[in-house]
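Taking the numbering used here, the leading residue of the sequence shown gets 97, the next gets one more, and so forth.
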Amino acid sequence: MKINFLYIFTLMGLSFFSNIAEAEDMKKAPIDTIFEQGNVNPYGKFFTGTTYLNMLSPNDEVFNAPIGNVTFEPGARTNWHKHSGGQILLVLSGEGRYQERGKTLQILKKGDVVRIAPDVEHWHGAAPDSWFTHISVETNVPNNQATWLEPVKDQDYK
Numbered sequence: 097m098k099i100n101f102l103y104i105f106t107l108m109g110l111s112f113f114s115n116i117a118e119a120e121d122m123k124k125a126p127i128d129t130i131f132e133q134g135n136v137n138p139y140g141k142f143f144t145g146t147t148y149l150n151m152l153s154p155n156d157e158v159f160n161a162p163i164g165n166v167t168f169e170p171g172a173r174t175n176w177h178k179h180s181g182g183q184i185l186l187v188l189s190g191e192g193r194y195q196e197r198g199k200t201l202q203i204l205k206k207g208d209v210v211r212i213a214p215d216v217e218h219w220h221g222a223a224p225d226s227w228f229t230h231i232s233v234e235t236n237v238p239n240n241q242a243t244w245l246e247p248v249k250d251q252d253y254k
């Protein structure tokens, strides 16, 4: 009787830990991309939906080139914002959206490059039904500051 109880208890424990690992894998984007997804974005208050950030090259005094890998869950997007020094986006996977204030929405696909001039108000994010990953390159550092504005309204997003 002890052997059966121990066997069942062991199987239950293995199943529990297997479920934890599966739950962690569920948080990972189901897309093929070269860099690790990273953790939940610490700047999430400036986003609608969940995004993940992996800083590939943090800003420092030697290179002055912050480069981040940003992954967006379907429907996730930035608030309207601008960068005093500009920004470059390199699309790695999924389908995304980009829009400058007052201009037409652009559909983004793997391999697209978006060059955003200094102080241009814009937003970017995932399509409603697709994960999306891009590299964000901050330009003209160290004087590049992000100014976060209002969230993108759902009717404007769609």
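We treat Cβ as the ideally placed atom computed from N, Cα and C, and that holds for glycine.
### Message
Taking 8 Å as the cut-off, does the region 203–222 touch the region 157–164 (at least 3 CB pairs, one atom from each stretch)?
### Response
no
### Task
List the DSSP bridge partners of N135.
L149
### Task
From the DSSP output, in three-state form, read off K141 for me.
helix
### Query
Is the number of C-beta pairs between the region 174–194 and the region 221–228 that are closer than 8 Å three or more?
yes
### Query
So N137 and T144 are in contact, right, with Cβ under 8 Å, and what is the actual spacing, rounded?
Not a contact, Cβ separation roughly 12 Å.
### Query
Can the beta-carbon of N240 be found less than 8 Å from the beta-carbon of S180?
yes
### Query
Taking W176 as the reference, which of I127, G221, K124 and L204 has the closest Cα?
G221
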